[in-house]
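A short write-up of the structure that comes next.
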Amino acid sequence: MSHPYTPAVPENPIDATDDATQTPTGAARGTRLLPLVAVLTLVVLAVDQLTKWRVLDTMVPGERIDLIGSLLGLELVFNRGAALSIATGMTWVLTLIAVVVVIVVARASRRLGSRLWAVAFGLLLGGALGNLVDRFFRPPAPARGHVVDFIAYGNWFVGNVADIAIVVAAVLVVLQTLRGVRLDGTHETHDGAAAAAVDAPDGTSGTAGTVVREP
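Each residue of the sequence shown is one higher than the last, beginning at 108 in the numbering used here.
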């Protein structure tokens, strides 16, 4: 005696589609963090250019105003080189390097899955663009313009807001690297294998090892 065939039906049909519908791709997560990167970039760029404009409007080259004794002050200088006045005779090369950095960081921003990485990228982009504006639009010529520096750290060196943003970004990059946090926000497993992205409600993954995603 035969019995009619009845196909098996999952107890919860929704389970089969959970991963597909609720786990965003790395690109999707990066897209969600793009506004944070963009806002930080614009804020750093605006503050950098406004402070430079203010200093140019109120100070003369070589003038110094002490803020905290001789440890911290304001001093207007025009920097042809990089930080610490390095490579003063290679202004156009520094401009080209800055352009490449901006393009690479901007493209990589679409893959970010960690807010801390997004903060680092926003600060880095804002700082790089702040000094790049000077390179392109300040005398003596396009792509060879001198960067406006005005924050004097003792008698060691003079910088600007863009430099501060770049240094903070570098510290965050080192911190995330030492913590083993990848751009997509995942940590490496203890054995060094790359951890898969996890956003499933139950926190499971098909990759062996413990997976932790940065917020």
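Beta carbons are placed, not taken as given, at the ideal position from N, Cα and C, and that holds for glycine.
- [ ] Could you give the DSSP three-state label for Gly169: helix, strand or coil?
- [x] Of the three classes helix, strand and coil, the one that applies to Gly169 here is coil, per DSSP.
Task: Limits of the beta strand (DSSP E) - the one that Leu183 falls within - done: Segment 179–186, the beta strand (DSSP E) holding Leu183.
Task: Option nearest Asp155 by Cα separation, candidates Gly287, Val254, Leu143, Pro249 - done: Closest option to Asp155, Cα to Cα, is Val254.
Open item on the list: Please give me, in chain order, every unbroken run of the beta strand (DSSP E) with length at least 3 that falls completely inside the region 261–294.
Closed with: Counting only runs of 3 or more, we get 264–266.
Task: Coil, strand or helix - Ala259 by DSSP - done: Ala259 sits in a strand when the DSSP states are folded into three classes.
- [ ] Just grab the DSSP bridge partners of Val254 for me.
- [x] Asn186, per the DSSP bridge assignment.
- [ ] Mind checking which residues open and close the alpha helix (DSSP H) that includes Gly237?
- [x] Here the alpha helix (DSSP H) through Gly237 covers 222–244.
Open item on the list: Checking 8 Å against the spacing of the C-beta atoms, do Asp256 and Asn186 come in under that value?
Closed with: Their beta carbons are under 8 Å apart, which means Asp256 touches Asn186 by this criterion.
TODO: Specify the secondary structure class of Trp160 as computed by DSSP and reduced to three states.
DONE: It is helical.
Open item on the list: So for Leu219, helix, strand or coil by DSSP?
Closed with: Here Leu219 carries a coil assignment [DSSP, helix/strand/coil].
TODO: Determine which residues share a DSSP beta bridge with Ile329 and list them.
DONE: With the chain represented from 108 up to 322, any question about residue 329 goes unanswered, as that position is not in the structure.
- [ ] Indicate whether Ala272 and Val151 have their beta-carbon atoms separated by less than 8 Å.
- [x] Val151 sits close to Ala272, with the two beta carbons spaced by under 8 Å.
Task: Contact set for Glu182: own chain, Cβ-Cβ below 6 Å, skip 5 residues either direction - done: Arg171, Ala259, Val265, listed in sequence order.
- [ ] Pull up the distance between the alpha-carbon of Arg217 and that of Ile204, whole angstroms please.
- [x] Cα-Cα distance, rounded: 21 Å.
- [ ] Work out the CA separation of Ser221 and Gly169 for me, nearest whole Å.
- [x] The alpha-carbon separation between Gly169 and Ser221 amounts to approximately 43 Å.
Task: Beta-carbon gap between Asn267 and Lys159 smaller than 8 Å - done: In this structure, Asn267 lies near Lys159, with their beta-carbon atoms less than 8 Å apart.
Open item on the list: Since Ala227 and Ala276 should fall inside the 8 Å C-beta cutoff, what is the C-beta to C-beta distance between them, to a whole number of angstroms?
Closed with: Between the beta-carbon of Ala227 and that of Ala276 there is about 5 Å, and that keeps the pair under the 8 Å contact cut.
Open item on the list: For a quick check, are the C-beta atoms of Leu279 and Leu201 less than 8 Å apart?
Closed with: Going by C-beta atoms, Leu279 is not nearer than 8 Å to Leu201.
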